[in-house]
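See below for the structure under consideration.
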Amino acid sequence: MNRFVALAVAILIFTFGSSIGTSAELTVQPGESIQSAVNNATAGDEIVVSPGNYNENVVITKDDIVIRSGSGNFEDTVITANDNATNVFSIDADKVTITGLTIKGAGLDRSGIYLSGSNNCTIDNNRLVNNALGIYVQYSMYNSILNNTVEQGKRAVNIERSHYNIITNNDVSNQRFGIYVTASEGNKISENKANMNSNHGIVLENCNNTRLENNTVNANGGSGVHIVYSNGNTLIGNAADSNVGYGISLTDSGNSSIENNTAVNSTRAILLLRSGESTVLNNLASNSAFGIRISSGMNSNISGNEVSNNNNSGISLLNSVNCTVSENVLSNNTIGVDLELSNNTVVLNNSLKEGGRGISLRDSSYNLVSNNTALNNRYGMYIMRSQWNTLFNNTVSTSVNHGIVLANSTDNTFTNNTFNSNGGHGAYLTNSSVNTFENNIASGNSRGIYLISSSGNKILNNKVLDNREYAVLLSYCTDNNVSGNEASNSGRGIHLSTSQNNVISRNIIAMNSVSGIFMSSTSNGNTVFDNYLNNVINSDIKGGSEGNVLNVTKTAGTNIVGGPFIGGNFWAKPDGSGFSQTATDADGDGIADAAYKLPGNNYSDFLPLVNGYEPKQSVKPQVNLNTTSTEITGTETTANETKTIANETTANETDKAEANKMENQTEVSKSENETEVNVSETNTTESADDSEINTGTDETEDAE
């Protein structure tokens, strides 16, 4: 090689080497081609598009290219599709940035910006208008779609089979769909406005581990957020207002977290359909038909939510199991917490006020309802056709009608509850059998505890005080055990109307203004023993009744006033002139030497207790309920042993009308023939139920 050739080669090598790592700024003027600039660009170059109008379709296959407007203002730099059957920008490269442009005119399911197999790209601060699909990302990862405005299309942002992308602070309103993500995972969708779209604001379909945060989804024709067949997603801080369908809707989408969202003014504010293992925490759900609705779900936690002004229910579970509803504040809902066909759920520490029914259980079993406070509702708690539920330590007060209603239900337990100052009954049982009410307080109600057409129930150790009409009232009831209660300071103490074979024992019945114990002429076969009565009128047992007995066979054991034998009752009067206060007891066995003949009828207590002891409610010993009584003729006979086996009443189901509980779901697709997923659930609320609980005049024989 001669020296001139060698020098030329050296100069070429130097020139080539010095250009490595440099970038160029290529300017495009109106009338020039953006595509030509792309074709001439190399990695790291910026293509600066001067203000003006451009008609072309641009294809980018080179990595690390920036296309931006020279002014930074998308209003003055407009790129319109030359061929509307082609994407305006088609990107098949990595690290591509498009910013500051108006992009329009892609039709026939084409896109303003289309990314395919592209990673780490940035689409920022663009306006996309009148494109079938605004921004379409397919098979692409780690891209950022930021600060764009998308108008007049079918889908503003469409993400398909693309992972770990960020979609933030875009305005995607007035489309058919705002943001539509399918078959993708790990994406973050935040701070977007998806309002007034004709269908849904944001859709996730077959997407996992997606985070939706602080988006606004208002006034959409479908749902604000609509999620189907997707798992492990997080929705936090989103606002959904005035959507025609649902605020936030999840279908067949489990293991989700829905937290600190606002969902208001929709058919259902928050709906989870067949979407178990989820948490719904600290949301605001109001002014809708349903506030928070869990349908066919399991193992979900609904806690700390504020739920108000929903005209069907606040928090409702339909056909769901093993859920927890706790620490929620519910106000002014037609039903506060509603369990229907739902089992093994815990309803704990909720505040329910100023609604129709505070807590409602329908056709539901094995639930625990504990430590809830229900104030100023129409009904505090309302239970129908349900069994094996436990209600413990609840407070139900100032209901317009009744504190607790139990209708057509069996084998439920109510313990340590307080039913105070309710306009109707504290606790009301109708057509309900084998239930237990124990250690409750019922005070300041019109009627304390009222049973009608109910059998085999245990009313034990309750404090039933200061009720206006009745402390304990049984009407058309059989085989109930009313024992260990304090039924005092009311109009009537314990009142039996057309009731048979009930046991009334070991109760304190004192200071009632009308009567201590009452039995109508159609109340037969009842056993009344070991009670402490201290009223002006202790007994009012009507003539015509048969087989009622006022003592059991004398049996060793501590009686109601602390004496050594159980037999009859202690008959006192407030002025100290009662039979048991003045009777003699020569042998000191705590039993009077003579029988006590009840005034106004032919009944006697043959083993009345005597003075000298204070009334107690210790554990009742086992006693022989063979009794001695006086028949109408006054001769002493032995009555048949009192039946204690429950005669269970079969629940009569009358208002089952739930229909279309599951969605008729059509999978959303990418073309115009998309059919919206629709949930159509008919819910029964108050209708026929209320006819069973009116306070009618069912004690027709009181005036005899």
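As numbered in the working numbering, the sequence shown has no gaps in its residue numbers, which increase by one up to the final residue, 1590. Cβ atoms here follow ideal geometry from the backbone N, Cα and C, with glycine treated the same way.
Straight across, the Cα-Cα distance linking Ala1313 with Ser1181 is about 30 Å. DSSP places Ala923 inside the alpha helix (DSSP H), whose first and last residues are Ile920 to Asn926. C-alpha of Phe1404 to C-alpha of Pro1494: approximately 18 Å in a straight line. Here the alpha carbons of Gly1133 and Pro916 stand approximately 46 Å from one another. Exposed is the label assigned to Ser909, since fewer than 16 other Cβ atoms lie within 10 Å of its Cβ.
Between Glu1046 and the set Asn1012, Asn1094, Arg1013 and Thr1054, the nearest pair of CA atoms involves Asn1094.
Per DSSP, the beta bridge partners of Ala1293 are Met1270 and Thr1316. For the pair Leu1277 and Leu1014, the Cα-to-Cα distance works out to about 58 Å. In the DSSP secondary-structure assignment, Val1166 is bridged to Ile1144 and Ile1188. In this structure Arg1354 is exposed. Its beta-carbon is surrounded by fewer than 16 other beta-carbon atoms within 10 angstroms. The region 1165 to 1176 makes contact with the region 1147 to 1157; the number of CB pairs closer than 8 Å reaches 3 or more. A distance below 7 Å between beta-carbons, with the five flanking residues on each side excluded, links Ile984 to the following residues of its chain, in chain order: Ile953, Phe975, Ile999, Ile1009 and Asn1012.
For His1311, the beta-bridge partners assigned by DSSP are Arg1333.
Cβ-Cβ separation between Ile1188 and Cys1209: approximately 7 Å, consistent with a contact (criterion under 8 Å).
DSSP lists Ile1327 and Glu1372 as the bridge partner or partners of Lys1349. Taking 7 Å as the cut-off, the Cβ atoms of Leu1238 and Ile1269 do not count as close. The straight-line gap separating the alpha-carbon atoms of Thr1439 and Leu1203 is approximately 52 Å. The DSSP-derived three-state label of Gln1386 is strand. Here the alpha carbons of Val1358 and Ile1327 stand approximately 12 Å from one another.
In the same chain as Ser1399, and ignoring 5 residues on each side of it, the C-beta atoms closer than 7 Å to its own belong to Gly1377, in chain order.
Taking every protein chain shown into account, the CB of Thr1220 has 16 or more other CB atoms within 10 angstroms, so this residue is buried. Ser1466 places its beta carbon less than 7 Å from that of Ala1458. Counting of Cβ neighbours within 10 angstroms places Glu911 among the exposed residues, the total staying below 16.
Counting along the chain, Gln1024 sits inside the beta strand (DSSP E) bounded by residues Leu1019 to Gln1024.
Excluding the 5 residues flanking it on each side, Asn1129 has same chain C-beta neighbours closer than 6 Å at Asn1106, Ser1109, Gly1110 and Ser1152, in chain order. Excluding five sequence positions before and after Ala1175, the CB atoms of its chain that fall closer than 7 Å to its own CB belong to Thr1153, Arg1154, Asn1196, Asn1197 and Asn1198, given in chain order. Straight through space, the alpha carbons of Asn1253 and Ala1396 are spaced by roughly 36 Å.
Apart from the 5 residues on each side of it in sequence, Asn939 sits with its Cβ closer than 6 Å to the Cβ of Val964 in its chain, given in chain order. For the options Lys1349, Phe1323 and Ser1329, the alpha carbon positioned closest to that of Leu1337 is the one of Phe1323. Comparing alpha carbon positions, the residue from Tyr1025, Ile946, Ser1391 and Leu1382 closest to Leu1346 is Ser1391.
When the Cα atoms are used, Asn1366 and Val1233 turn out to be separated by approximately 29 Å. Around Ser1161, the same chain offers Leu1136, Thr1137, Asp1138, Ser1139, Gly1140, Ser1142 and Gly1183 as residues with beta carbons nearer than 7 Å, after the five sequence neighbours per side are excluded.
Partner residues in the beta bridge of Leu1359, as assigned by DSSP, are Tyr1336 and His1381. At the C-beta level, Gly1342 and Val1320 come within 7 Å of one another. In the assembly as shown, Asn925 is an exposed residue. Its beta-carbon has fewer than 16 other beta-carbons within 10 Å.
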